[in-house]
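Chains A and B supply the protein sequences, listed in that same order. Here the numbering used here = 1-based position in the first sequence + 28. Here the numbering used here = 1-based position in the second sequence + 152. Report on the following structure.
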Amino acid sequence: NAGVTQTPKFQVLKTGQSMTLQCAQDMNHNSMYWYRQDPGMGLRLIYYSASEGTTDKGEVPNGYNVSRLNKREFSLRLESAAPSQTSVYFCASNLDRFYNEQFFGPGTRLTVL
Amino acid sequence: DAKTTQPTSMDCAEGRAANLPCNHSTISGNEYVYWYRQIHSQGPQYIIHGLKNNETNEMASLIITEDRKSSTLILPHATLRDTAVYYCIVRVPANTGNQFYFGTGTSLTVIP
Numbered sequence: 029n030a031g032v033t034q035t036p037k038f039q040v041l042k043t044g045q046s047m048t049l050q051c052a053q054d055m056n057h058n059s060m061y062w063y064r065q066d067p068g069m070g071l072r073l074i075y076y077s078a079s080e081g082t083t084d085k086g087e088v089p090n091g092y093n094v095s096r097l098n099k100r101e102f103s104l105r106l107e108s109a110a111p112s113q114t115s116v117y118f119c120a121s122n123l124d125r126f127y128n129e130q131f132f133g134p135g136t137r138l139t140v141l
Numbered sequence: 153d154a155k156t157t158q159p160t161s162m163d164c165a166e167g168r169a170a171n172l173p174c175n176h177s178t179i180s181g182n183e184y185v186y187w188y189r190q191i192h193s194q195g196p197q198y199i200i201h202g203l204k205n206n207e208t209n210e211m212a213s214l215i216i217t218e219d220r221k222s223s224t225l226i227l228p229h230a231t232l233r234d235t236a237v238y239y240c241i242v243r244v245p246a247n248t249g250n251q252f253y254f255g256t257g258t259s260l261t262v263i264p
């Protein structure tokens with residue numbers, strides 16, 4: 029099993045550009061999450077999907093949209109990137125929304141100039 | 153929201169026990185305490201969790217005070233590979249699932 033995979037690993041955008049971060053898991057998990065981590069800070073939840081077909085806002089959802097494409101894939105879209113969105117983005121999944129352990133991907137390092 | 157307070161950094165000698173404290177004085181009765189660690193900007197890794205009782209697994213032990221206002225993560229025999237940022241997290245139940253609120257964590261350095 030590859031676990032949780034994220035693409036791309038690195039990305040540089042100009043202000044105003046758009047992009048989609050991809051996340052996939054092969055563990056047959058129902059719940060998936062997107063976090064951001066700013067330098068020297070802990071992770072903050074952006075959006076999550078408790079199950080296929082549902083999405084909900086987390087702590088810092090502004091400026092982002094998500095799509096739970098199917099059970100395996102959960103994408104995060106920046107419609108008009110801003111320098112404040114420079115961060116490392118982590119995707120995570122777990123068996124269901126009440127299951128204890130979340131499994132994290134390796135992260136996407138995004139820089140917005 | 154229940155939040156946690158941890159020391160910014162700690163050192164521990166290799167082979168000794170590492171004791172990482174966490175304060176969560178506003179924790180509610182149904183909120184669990186979780187510990188994750190993050191090694192060198194990789195994705196966080198689950199360590200252990202608990203509600204009221206002390207817990208132990210192959211990685212660590214979790215000691216929760218009787219009033220549940222604080223806890224301690226114990227790595228019994230720290231190795232250099234345990235150098236990481238350790239996050240103490242209170243899981244906040246929500247109608248659609250659980251949300252984890254990560255703080256800034258404790259940067260643990262294991263010294264040879």
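Even for Gly, the Cβ is constructed at its ideal location relative to N, Cα and C.
- Judged by DSSP in its simplified three-state form, B:P173 adopts strand.
- Beta-bridge analysis with DSSP links A:N93 to A:R105.
- For the pair B:I179 and B:R243, the Cα-to-Cα distance works out to about 9 Å.
- For A:S108, the closest of A:Y92, A:P134, A:N29 and A:G44 by C-alpha to C-alpha distance is A:G44.
- At a C-beta separation below 7 Å, B:T217 has no neighbours in chain A, since its nearest C-beta there lies roughly 21 Å away.
- Residue-level contact check: A:M69 touches chain B, since one or more beta carbons of chain B fall below 8 Å from its beta carbon.
- Short of 8 Å from the beta carbon of A:L71, and not among the five residues preceding or following it, lie these beta carbons of its own chain, in chain order: Y63, R64, Q65 and F118.
- When secondary structure is reduced to three states using DSSP, A:D84 falls in the strand class.
- In the DSSP assignment, A:D54 falls outside any beta strand (DSSP E) and carries neither an H nor an E.
- Per DSSP, the unbroken beta strand (DSSP E) holding A:T35 starts and ends at V32 to T35.
- The three-state reading of DSSP puts B:R168 in coil, since its state is none of H, G, I, E or B.
- With fewer than 16 other Cβ atoms inside 10 Å of its own Cβ, B:S193 counts as exposed.
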